[in-house]
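A short worksheet on the structure shown next.
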Amino acid sequence: MSQVLSISNLKANVAGQEILKGLNLEVPQGEVHAIMGPNGSGKSTLAKVMAGHEDYEVTAGGITMNGEDLLAMEIDERSRAGFFLAFQYPLEIPGVSIANFIRAARQARLQKGDELDAVAFYKEMYGKMDELKIDRSFTGRAVNEGFSGGEKKRLEILQMMMLEPKYAVLDETDSGLDIDALKIVADGVNAMRSPERGFLVITHYQRLLDYIVPDVVHVLYKGEIIKTGGKELALELEDKGYDWVIQEFADQEVAVGV
Amino acid sequence: MAEAIAELEKIVSDELGKSASSWADAPLRAEQVENELAGDLPSWYLQMRDEAWRTFIAAPVPSRRDEAWRFANLKLTKFSGLQLAQTLEAGQAQALVERSVAGEKSAARLVFVNNALVSSEISDLPEGVICLPMNEALIQHGEKVREFFMQEEAQLGGKKFAALHGSGTLSGVFVHVPAGVELVGPVEVFHWMGGAERVILPHTLIVSGEGSTVSVIDHYQSIDEDAAALSIGMTDIVAGKNSKVNYVALQRLSRSDRQVQMGSTLVGEDAAVKTALINLGAAWVRNENISRMMASGARSDMLALNLAAANDEVDQRTLQLHEVENTQSDLFYKNALYDQAKTIFDGLIVVEKGAHHTDAFQTCRNLLNSDEAEANSMPGLQIDADQVRCSHGSTAGPIDPDQLFYCSTRGITEQAARQLISFGFLHEVIDRLDGDEIKEVVNRELEKAFKVVSE
Chain Z
12 MSQVLSISNL KANVAGQEIL KGLNLEVPQG EVHAIMGPNG SGKSTLAKVM AGHEDYEVTA
72 GGITMNGEDL LAMEIDERSR AGFFLAFQYP LEIPGVSIAN FIRAARQARL QKGDELDAVA
132 FYKEMYGKMD ELKIDRSFTG RAVNEGFSGG EKKRLEILQM MMLEPKYAVL DETDSGLDID
192 ALKIVADGVN AMRSPERGFL VITHYQRLLD YIVPDVVHVL YKGEIIKTGG KELALELEDK
252 GYDWVIQEFA DQEVAVGV
Chain Y
49 MAEAIAELEK IVSDELGKSA SSWADAPLRA EQVENELAGD LPSWYLQMRD EAWRTFIAAP
109 VPSRRDEAWR FANLKLTKFS GLQLAQTLEA GQAQALVERS VAGEKSAARL VFVNNALVSS
169 EISDLPEGVI CLPMNEALIQ HGEKVREFFM QEEAQLGGKK FAALHGSGTL SGVFVHVPAG
229 VELVGPVEVF HWMGGAERVI LPHTLIVSGE GSTVSVIDHY QSIDEDAAAL SIGMTDIVAG
289 KNSKVNYVAL QRLSRSDRQV QMGSTLVGED AAVKTALINL GAAWVRNENI SRMMASGARS
349 DMLALNLAAA NDEVDQRTLQ LHEVENTQSD LFYKNALYDQ AKTIFDGLIV VEKGAHHTDA
409 FQTCRNLLNS DEAEANSMPG LQIDADQVRC SHGSTAGPID PDQLFYCSTR GITEQAARQL
469 ISFGFLHEVI DRLDGDEIKE VVNRELEKAF KVVSE
């Protein structure tokens with residue numbers, strides 16, 4: 012079976028309006044793909060659809076993960092099957108400590124009746140917190156409550172490290188980060204890169220891709236992928252903006268008589 | 049003494065003759081007079097008790113027309129044939145003593161079973177500290193008790209209950225910490241109750257001298273699962289200048305028992321009092337709590353954590369009274385409701401004339417885990433001063449779907465996510481408690497009770 016995260020002809024609505032209009036994309040295991048695009052192109056919609064948010068309605072197409080039908084799964088099943096989304100705006104859960112939150116997520120992956128080894132769990136988590144330069148006292152703090160933007164993003168990466176997904180989607184993980192925090196987050200992601208794992212990095216700016224160097228860059232515009240290239244495409248977009256890509260795409264459509 | 053008893057019996061029979069009280073019957077009174085014959089109790093106290101009994105007889109039963117009982121299910125307030133709880137045989141009582149597990153650092157552990165003291169372990173307390181069962185305190189330190197004993201009027205609706213409490217033999221403790229003394233570790237008091245229509249009357253009186261520190265935990269527990277017993281308790285706290293008082297009422301009664309718990313907190317200059325009502329059980333809970341900020345710098349934190357399930361009713365009435373300038377109060381109540389449970393919150397902040405620079409906050413939040421649960425809130429604000437910061441807010445609603453979504457994206461099942469979020473919702477109250485040991489014991493008991501309710 013092909014080890015790939017595959018999105019084919021995906022169409023999705025939000026509040027009755029079509030945002031994704033036949034999106035095609037393949038992220039093979041072991042690769043890092045970036046999706047760039049101007050505001051309103053559908054980047055975050057794609058992330059939410061993959062995670063299974065109820066406000067987003069899939070009207071056509073599909074998503075498979077290593078051959079499994081992702082959209083047929085419940086939200087929590089997707090996660091346990093190996094899908095992970097790092098949120099652009101992580102939610103606050105008052106009163107629920109980070110340790111208890113991540114523990115519950117790990118517990119959910121065990122067989123019924125099995126108990127998590129608490130000592131090993133904390134040891135592992137502290138190690139990863141150290142890598143991400145998250146103070147260990149944070150384990151007792153409520154999930155995302157009163158966190159700075161950078162702290163929230165680092166906590167998302169910590170969760171990713173603790174859950175070891177097969178495919179991770181990072182939705183604008185760079186937004187709200189200063190350069191130091193950005194480097195820490197990128198180091199965390201880079202440490203996770205492996206032949207058994209695929210990444211889809213959604214970003215508005217090329218800056219993040221200096222630190223998480225992608226294998227492939229896609230441009231999303233009005234709900235479709237309109238161009239795909241190597242990592243140099245990101246630099247070109249940074250330099251020249253999106254207009255030339257959009258124009259090129261329009262010309263193509265004229266040429267093929269769409 | 050015999051004359052006094054005869055006099056009391058006459059009152060009782062007179063009242064019976066008038067049928068003034070079918071609400072609670074006289075055996076309660078007669079029985080106690082017979083049991084006690086405590087010639088050593090101070091006469092002022094015995095007089096107060098008689099007065100309380102007369103007040104009890106005269107006070108009207110809670111009614112629909114009374115604002116203080118709005119939304120309440122009045123059936124729950126009715127009693128007939130109430131009797132003082134019976135003394136258990138030594139073996140049974142001893143078994144309960146063994147189940148009364150206090151923290152390692154506790155300064156004292158006292159165990160009452162059906163209103164009678166069965167065990168008292170008190171460590172070497174600093175000089176001058178009084179920590180005694182009420183009756184002994186009345187005999188040994190009568191004048192000290194008298195100064196503070198039941199001085200506050202029950203003005204939040206429970207006058208009849210307060211009077212019944214005041215008319216009876218009390219269990220519970222008197223804790224007095226003199227100036228400058230820090231009592232390390234909490235005083236833990238266990239109140240066990242059982243027997244249908246049987247009553248216990250636990251009383252807690254805490255007095256802190258200038259610059260002192262003291263913590264007290266009252267544990268309320270049921271002897272048997274479905275006895276339908278009743279506790280009518282009172283906790284009065286008098287915090288002296290610059291002192292610090294921590295108080296927790298940890299109620300984990302069975303779901304057939306009932307509890308009325310009233311309390312007044314008098315906060316002196318620069319003193320800080322934190323009281324927490326932790327209600328994890330009982331079919332009916334009625335809490336009435338008043339905090340009076342009586343001198344500059346006084347601060348009262350009023351916390352409550354309520355886990356209500358089945359047909360429970362948790363009915364809480366509060367008053368934050370700012371009497372002078374430059375005082376603070378913060379009320380923070382959180383209720384998690386399941387099944388057909390019902391909560392009532394009626395809270396008033398009063399900033400009296402001239403009490404400028406007051407900070408007074410009031411928050412009551414209800415998490416509805418069932419469509420059939422019902423939360424009622426009546427927050428109120430009465431300000432008669434300038435430059436005050438006051439806020440009140442109450443909310444009721446189900447779990448935020450976005451929080452559930454976030455948990456789901458991490459692989460947590462919906463049921464586990466609901467438990468996690470609801471537990472966290474209540475845990476915010478524990479986060480505000482002082483002292484690791486107190487936090488631990490409350491957390492442990494919440495975990496146990498929560499597991500039963502949420503699964």
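Chains Z and Y are the protein sequences, given in the same order. Plus 11 on top of the position in the first sequence (first one is 1) and you've got this note's numbering. Plus 48 on top of the position in the second sequence (first one is 1) and you've got this note's numbering. Every residue gets a Cβ at the ideal spot worked out from N, C-alpha and C, and that includes glycine.
- Closest by C-alpha distance to ILE237/Z, out of ALA23/Z, GLU29/Z, LEU36/Z, is LEU36/Z.
- For ALA464/Y, the nearest CB of chain Z lies under 8 Å from its own CB, placing it at the interface with that chain.
- When DSSP states are grouped into helix, strand and coil, GLU235/Z belongs to the strand group.
- Its chain contains ILE478, LEU481 as the residues whose beta carbon lies nearer than 7 Å to that of LYS487/Y, once the 5 sequence neighbours on both sides are disregarded; these appear in chain order.
- Annotation for THR443/Y: the continuous beta strand (DSSP E) segment containing it runs 437-445.
- The alpha carbon of PHE453/Y has as its nearest neighbour, out of ILE397/Y, ALA444/Y, PHE409/Y, ALA465/Y, the alpha carbon of ALA465/Y.
- Per DSSP, LYS390/Y is one residue of the beta strand (DSSP E) stretching across 390-399.
- Identification of chain Z residues near SER456/Y by a Cβ-Cβ cut-off of 8 Å yields GLY63, GLU85, ILE86, ASP87, SER90, ordered along the chain.
- With respect to chain Z, the C-beta atom of ASP450/Y has a partner C-beta closer than 8 Å.
- Residue-level contact check: LEU181/Z does not touch chain Y, since none of the beta carbons of chain Y fall below 8 Å from its beta carbon.
- Contact check for SER13/Z against ILE74/Z fails: the beta carbons are separated by 8 Å or more.
- Interface flag for LEU173/Y against chain Z is unset, since no Cβ pair is found closer than 8 Å.
- At least 8 Å separates the beta-carbon of PHE127/Y from that of GLU317/Y.
- With a cut-off of 8 Å on Cβ pairs, the segment 133-152 of chain Z is not in contact with the segment 89-98 of chain Z, counting fewer than three such pairs.
- Here LYS194/Z has TYR222 as same chain residues with Cβ atoms under 8 Å from its own Cβ, once five neighbours each way along the sequence are excluded.
- A distance of 8 Å or more separates the beta carbons of VAL333/Y and GLN368/Y.
- Put simply, of ALA357/Y, ALA211/Y, ASP407/Y, GLU236/Y the residue whose alpha carbon is nearest the alpha carbon of ASN383/Y is ALA357/Y.
- Contact annotation: the segment 429-448 of chain Y touches the segment 401-412 of chain Y, with at least three C-beta pairs closer than 8 Å.
- Closer than 8 Å to the CB of ASN111/Z there is at least one CB belonging to chain Y.
- For PHE222/Y, not one C-beta of chain Z is nearer than 8 Å to its own C-beta.
- In this structure ILE30/Z is buried. Its beta-carbon is surrounded by 16 or more other beta-carbon atoms within 10 angstroms.
- Residue burial is scored here from C-beta neighbours: ILE271/Y has at least 16 other C-beta atoms within 10 angstroms and is therefore classed as buried.
- The C-beta of LEU468/Y comes closer than 8 Å to at least one C-beta of chain Z.
- Interface residue (Cβ-Cβ distance to chain Y less than 8 Å): PRO105/Z is classified as such.
- Fully enclosed beta strand (DSSP E) runs of no fewer than 3 residues occupy 320-327, 332-341, 347-356, 361-370 of the segment 317-384 of chain Y, in order along the chain.
- Between the segment 225-242 of chain Y and the segment 144-161 of chain Y there are three or more C-beta pairs closer than 8 Å, enough to call the two in contact.
- LEU385/Y and ALA331/Y have their C-alpha atoms roughly 13 Å apart.
- Proximity of chain Z to GLU476/Y at the Cβ level (cut-off 9 Å) is accounted for by PRO105, GLY106, ALA153, in chain order.
- One Cα belongs to GLU247/Z, the other to VAL212/Z, and the distance between them is close to 17 Å.
- Per DSSP, reduced to three states, the secondary structure at PRO449/Y is helical.
- Fewer than three pairs of CB atoms, one per stretch, sit closer than 8 Å, so the segment 99-106 of chain Y makes no contact with the segment 335-353 of chain Y.
- The Cβ neighbour count for LEU122/Y, taken over all protein chains shown within 10 Å, is under 16; the residue is labelled exposed.
- Contacts between GLN170/Z and chain Y, judged by CB atoms closer than 9 Å, involve ARG458 in chain order.
- Contact annotation, VAL25/Z with ASN77/Z: C-beta distance approximately 28 Å; criterion of less than 8 Å not satisfied.
- Annotation for MET76/Z: the continuous beta strand (DSSP E) segment containing it runs 67-76.
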